[in-house]
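**Q** Quick one: the structure is below, questions incoming.
Residue numbers (the numbering used here): 30 to 622.
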């Protein structure tokens, strides 16, 4: 589960520096897809930027980043992908492949190739000459060992062994996998999304140590090694002998990467404007002013939405509660929401309105536009009212709000965590639109832990959520929406407890499609979208951005949409370095160099 922490409202000084950002701006904090917040206990109130304390990090050799680490670095365990120190996976530990979501391509990384050699067998050829940072060779035994860690029930990819029968080292550079069921989409996700760890260091560790161990001396195959850490920062140092320099001609440019622990957006904004940050992965208001002003700051796009899309914000109705168990009522809510008002008023055009399917722009080829045209929804209060009336929902007491079909009150609450200011404002817009259509809906702001309890146990009416990130496959989103069976506690998927066996069968069918069978995938996703738009188990609203602001004061050639510039994602978010973020460090150049 990914948790987001909200920033405080932008301070007056920073607003002035940003040339006129609105005093009424609402500000989200940790990026959707960023690591869990620590809760702030022990976190510094104002992380320091470069200065006397950073004499060990010459400014022209150091990349300063921020926006991922929300508390003091606590572990360097690559299996803990949600709270390990920024860069643990990606800078130190590496994956078998990288995946480029913009071009839908896999790049061999620690692996040289991967091939399905039979209906249920897959063979990896590993790069030769790769060594761990301690000089030991990287071999097939390391890959087999890492995969077999999933036999421990608490390891995040333990479910892999529900359909993987065997992993074996054929020779030092070859691994063969035998499956009881070939889930191509999940497997393709696994090979680029999971770090390989060294068997000679990790073998013999207990399950508790594997998952809860701090791993204080991380030894990886990547371009960086541990340098130091403090309450307010994580520092990595470039190491000699990174395999990609010789094999691929790639070389990371910064000698040091120092990630600053976040405390507020005012601090992040101040550091960025004072050239104390090179890459900010924070949500910052007033971005248009930053980009258009003479601050040496750029974003991926020079105009709205400024950022690449990272995940979808869904309105999730509890389909086990009346009247939300009725698809007609859910459709009425969908047509009552003025998403444009959220995009423009709450976010200042830093996000994009979502497709009715919820599939991210990078997955547009899997959207059946004919199905969307026939079954999709858009903001239309009159249509929302008609849907309610046609389905038998009437205002029986004259208060302007409909009751349930049996005459009982239909009062609903939409919950978002207290302090998540952008979502709080968005929920007010949603409630306002619902009431205009005759639906009694109010926004409620419990603390985060209380919300998680309600969401997991099904004790809620509606909730905003954005758990699943951009990945190699839309299967990830459909697994999130439709997964069965529904359990007493729904901790990570299908919070709305929607049950449709046909839809779930289609999701599993999609999982079995080979990743290069685009037409086969489209055929299945089209059928899924018909069910999704007929029933609306979730209501997609907007795409959260891959928040990224870069300074050209010390480093240039940042990724952007401009011709001739790199197109890798400019981010240090956890689980994004293997989506190409690590390539950004090989592409940037010293200013004036």
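For glycine and all other residues, C-beta sits at the position ideal for the given N, C-alpha and C.
Which whole-angstrom value is the C-beta distance of residue 577 and residue 329, which I expect to be below 8 Å?
**A** 6 Å
**Q** Whose C-beta lies closer than 6 Å to the C-beta of residue 338 among residues of the same chain, with five residues either side of it excluded?
**A** Hits under 6 Å: 389, 390 and 572.
**Q** Is residue 596 helix, strand or coil when you go by DSSP?
**A** In this structure, residue 596 counts as coil in the three-state DSSP scheme.
**Q** What residue range is occupied by the uninterrupted beta strand (DSSP E) comprising residue 288?
**A** 285-289
**Q** Could you tell me which residues DSSP pairs with residue 153 in its beta bridges?
**A** The partner list for residue 153 (beta bridge, DSSP) reads 143 and 204.
**Q** Between residue 151 and residue 143, which are expected to be in contact by the criterion C-beta below 8 Å, what is the C-beta distance as a whole number of angstroms?
**A** 7 Å
**Q** Any chance you could list the alpha helix (DSSP H) runs of at least 4 consecutive residues sitting entirely within the segment 489-518, in chain order?
**A** 504-511
**Q** Residues bridged to residue 193 by DSSP?
**A** As computed with DSSP, residue 193 is found in a beta bridge with 208.
**Q** Are there 16 or more other CB atoms within 10 angstroms of the CB of residue 74, so buried, or fewer, so exposed?
**A** In this prediction, residue 74 scores a pLDDT of 41, lower than 50, which makes its location untrustworthy; the coordinate-derived value is nonetheless stated afterwards. Label assigned to residue 74: exposed.
**Q** Taking its Cβ as the centre, do 16 or more other Cβ atoms sit within 10 Å of residue 605, making it buried, or is it exposed?
**A** It is buried - the Cβ of residue 605 has at least 16 other Cβ atoms within 10 Å.
**Q** What first and last residue would you give for the alpha helix (DSSP H) that runs through residue 485?
**A** 477-486
**Q** Which runs of the beta strand (DSSP E) spanning at least 3 residues fall entirely within the segment 371-424, listed in chain order?
**A** none
**Q** On the three-state DSSP scale, how would you describe residue 438?
**A** coil
**Q** So what does DSSP say about residue 364, is it helix, strand or coil?
**A** helix
**Q** Should residue 293 be labelled buried (16 or more other beta-carbon atoms within 10 Å of its own) or exposed?
**A** buried
**Q** Does the segment 605-619 touch the segment 113-131, meaning 3 or more C-beta pairs lie closer than 8 Å?
**A** Three or more beta-carbon pairs drawn from the segment 113-131 and the segment 605-619 are found closer than 8 Å, and the two stretches are therefore classed as touching.
**Q** Measuring straight from C-alpha to C-alpha, what distance separates residue 509 and residue 196?
**A** Residue 196 has its alpha-carbon roughly 27 Å from the corresponding atom of residue 509.
**Q** Taking Cβ to Cβ, would you say residue 327 is nearer than 9 Å to residue 589?
**A** yes
**Q** DSSP on residue 575, reduced to helix/strand/coil?
**A** coil
**Q** Using DSSP with H/G/I as helix, E/B as strand and the rest coil, what is residue 220?
**A** helix
**Q** CA-CA distance, residue 209 and residue 448?
**A** 46 Å
**Q** So, do the segment 442-456 and the segment 349-359 have three or more beta carbon pairs nearer to each other than 8 Å?
**A** no
**Q** Can you tell which of 315, 537 and 274 has its C-alpha closest to the C-alpha of residue 615?
**A** For residue 615, the closest alpha carbon among the candidates 315, 537 and 274 is that of 274.
**Q** Would you mind working out which of 475, 167, 245 and 147 sits nearest residue 207, comparing C-alpha positions?
**A** 147
**Q** Out of 543, 569, 538 and 545, state which residue places its alpha-carbon closest to the alpha-carbon of residue 556.
**A** 538
**Q** Less than 9 Å separating the beta-carbons of residue 359 and residue 560?
**A** no
**Q** By DSSP, does residue 340 sit in helix, in strand, or in coil?
**A** Reduced to three states, the DSSP call for residue 340 is strand.
**Q** Closest to residue 618 by CA distance: which of 533, 595 and 585 is it?
**A** 585
**Q** Please list the terminal residues of the continuous alpha helix (DSSP H) segment that includes residue 273.
**A** 272-277
**Q** Would you check if there are 3 or more beta carbon pairs closer than 8 Å linking the segment 129-141 to the segment 305-324?
**A** no
**Q** Once the 5 residues before and after residue 16 are set aside, which same chain residues still bring their CB inside 6 Å of it?
**A** Since the first residue shown for the chain is 30 and the last is 622, residue 16 is missing from the structure and cannot be characterised.
**Q** Span of the alpha helix (DSSP H) holding residue 265?
**A** From DSSP, residue 265 is part of no alpha helix (DSSP H) but of the beta strand (DSSP E) over 262-267.
**Q** Assuming residue 377 and residue 417 make a contact with CB atoms under 8 Å, what is their CB distance in whole Å?
**A** With 8 Å as the limit, residue 377 and residue 417 do not qualify as a contact, their Cβ atoms being about 32 Å apart.
**Q** DSSP three-state call for residue 466: helix, strand or coil?
**A** Under the three-state reduction of DSSP output, residue 466 falls in the coil class, being neither helix nor strand.
**Q** Could you tell me the alpha carbon to alpha carbon distance between residue 366 and residue 433, rounded to whole angstroms?
**A** 20 Å
**Q** Is residue 407 buried or exposed, if buried means 16 or more other CB atoms sit within 10 Å of its CB?
**A** exposed
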